[in-house]
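Novice:
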Ligand SMILES: Nc1ncnc2c1ncn2[C@@H]1O[C@H](COP(=O)(O)OP(=O)(O)OP(=O)(O)O)[C@@H](O)[C@H]1O
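Residue numbers (the numbering used here): 172 to 510.
#1: Can the beta-carbon of residue 406 be found closer than 8 angstroms to that of residue 212?
#2: Should the region 179–188 be regarded as contacting the region 199–215, the criterion being three or more beta carbon pairs within less than 8 angstroms?
#3: Between residue 364 and ligand 1, is the CB less than 7 angstroms from at least one heavy atom?
#4: Please find out if some non-hydrogen atom of ligand 1 comes closer than 7 angstroms to the beta-carbon of residue 249.
#5: Between residue 446 and residue 505, which are expected to be in contact by the criterion C-beta below 8 angstroms, what is the C-beta distance as a whole number of angstroms?
#6: Out of 387, 305, 251 and 455, which one is the CA nearest neighbour of residue 193?
#7: List the DSSP bridge partners of residue 386.
#8: Considering only DSSP beta bridges, list what residue 449 is partnered with.
#9: Under 8 angstroms between C-beta atoms, does residue 250 make it to chain B?
#10: Should the region 185–200 be regarded as contacting the region 241–255, the criterion being three or more beta carbon pairs within less than 8 angstroms?
#11: Please determine if the region 487–495 and the region 415–430 are in contact, where contact requires at least 3 C-beta pairs separated by less than 8 angstroms.
#12: Would you call the region 295–304 and the region 256–264 touching, i.e. three or more CB-CB distances under 8 angstroms?
#13: Excluding sequence positions up to five away, which residues of its chain have a Cβ less than 7 angstroms from the Cβ of residue 225?
#14: In the DSSP assignment, find the unbroken alpha helix (DSSP H) run with residue 276 in it and report its ends.
#15: So, with DSSP's three-state summary, where would you put residue 235?
#16: Please indicate yes or no: does the CB of residue 188 lie closer than 7 angstroms to some heavy atom of ligand 1?
#17: Verify the contact flag: residue 183, CB atom, against every heavy atom of ligand 1, threshold strictly below 7 angstroms.
Right under this line is the structure:
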């Protein structure tokens, strides 16, 4: 099922939470809505679900205007952050619940067969008789997904489904969700404020800020060519160094860098920790190491430049360096935006 949002607007009292959002989600695509808290992600998801009405623009399911389709006929499955499993029902009863209340009539044996298939799909065979309090948080979210899938949704909506789980469980669950998505091919809209999760999971990432889409593209596109300083900062660790641009050339502590397309005047140079190299001499920005932080996969240096700005960069684990060392920051790649 293809979904189209066309200039969708949502206002709560006087506060505009969504400002004319247009977005196409292709059939079978997994799209992540990514943005900071309050950027309108959940509101957009709720409008697609029919739990909230847009007060401007249109939402289309296929060719049909969604406002003409009652919520229960939209064929939407949901999973929310806080597992809304029924505590007094077993795992199997939770998964089967939607089928029992559905318009599609199924015999007891059909429901039981489908529940068994879903338990296998979400790798919870043997746990059907447990109650939600007798399984882990990650297992509960898998039950919630099985319950959402039980009624053969055409669209799957997931709102921070792994938000309450610890980092390792989250990583496992998102890889697993991706596998399930690849197997079933259901059009999926996934809300998260976690960049790593969005980039790891989605075919396409839609980045929101203050109720507007600021950029959308494949993970590769948004990582390689962030459209604005906001996207650059939001997608991961960055250093910002102040520079001046004149005729497409940025000057930074005596170093000149290509800034084609950036208007003359003050500018910010953004560099990720992996965009800088540490050398003892050569072309670059002179700096002094203020701190070395050891990590399993390398060493992170905090440095201070000659003009007093700070930056962080990563060096291989075997690099011999200590606080107080002087050296040069070599710029491997960078982005420049007008300040
Ligand atoms: N029912 C409501 N009444 C009034 N304001 C609301 C309502 N729902 C959401 N908002 C406001 O709309 C804005 C967008 O909220 P929304 O929940 O969509 O953001 P979000 O990006 O999902 O944030 P989070 O990651 O914190 O869940 C926020 O400023 C929020 O306070």
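We put the beta carbon where it would ideally sit given N, CA and C, even for glycine.
Specialist: With the given structure in hand:
#1: By one-based count along the chain shown, residue 406 stands at place 235. By one-based count along the chain shown, residue 212 stands at place 41. Between residue 406 and residue 212, the gap from beta carbon to beta carbon reaches 8 angstroms or more.
#2: yes
#3: By 1-based counting over the chain shown, the position of residue 364 is 193. Flag set: Cβ of residue 364 near ligand 1.
#4: Counting from 1 along the chain shown, the entry for residue 249 is found at position 78. Exclusion of residue 249 from the 7 angstroms shell around ligand 1 follows from its C-beta lying no nearer than that to any non-hydrogen atom of the ligand.
#5: Taking the chain shown and counting its residues from 1, one reaches residue 446 at position 275. Taking the chain shown and counting its residues from 1, one reaches residue 505 at position 334. Going by Cβ atoms, the distance from residue 446 to residue 505 rounds to 6 angstroms, so yes, they are a contact pair.
#6: Locating residue 193 in the chain shown gives position 22, where the first residue counts as 1. If we check each option's Cα against that of residue 193, 387 comes out closest.
#7: Residue mapping note: residue 386 aligns to position 215 of the chain shown, counting from 1. Answer by DSSP bridge pairing, in chain order: 378.
#8: For this step, residue 449 is matched to residue 278 along the chain shown. In the DSSP output, where bridge partners are listed per residue, residue 449 has 500.
#9: Within the model displayed, chain B is absent; a lone protein chain is all it includes.
#10: no
#11: no
#12: yes
#13: In the chain shown, counting from the first residue as 1, residue 225 sits at position 54. Excluding residues within five positions, the ones whose Cβ falls inside 7 angstroms are 179, 180, 181 and 218.
#14: Indexing the chain shown from 1 puts residue 276 at position 105. No alpha helix (DSSP H) holds residue 276; DSSP gives it neither H nor E.
#15: Stepping through the chain shown from its first residue, residue 235 is reached at position 64. Of the three classes helix, strand and coil, the one that applies to residue 235 here is strand, per DSSP.
#16: Taking the first residue of the chain shown as 1, we reach residue 188 at position 17. Yes, the Cβ of residue 188 comes within 7 angstroms of a heavy atom of ligand 1.
#17: In the chain shown, residue 183 corresponds to position 12, counting from 1. Residue 183: yes, Cβ under 7 angstroms from ligand 1.
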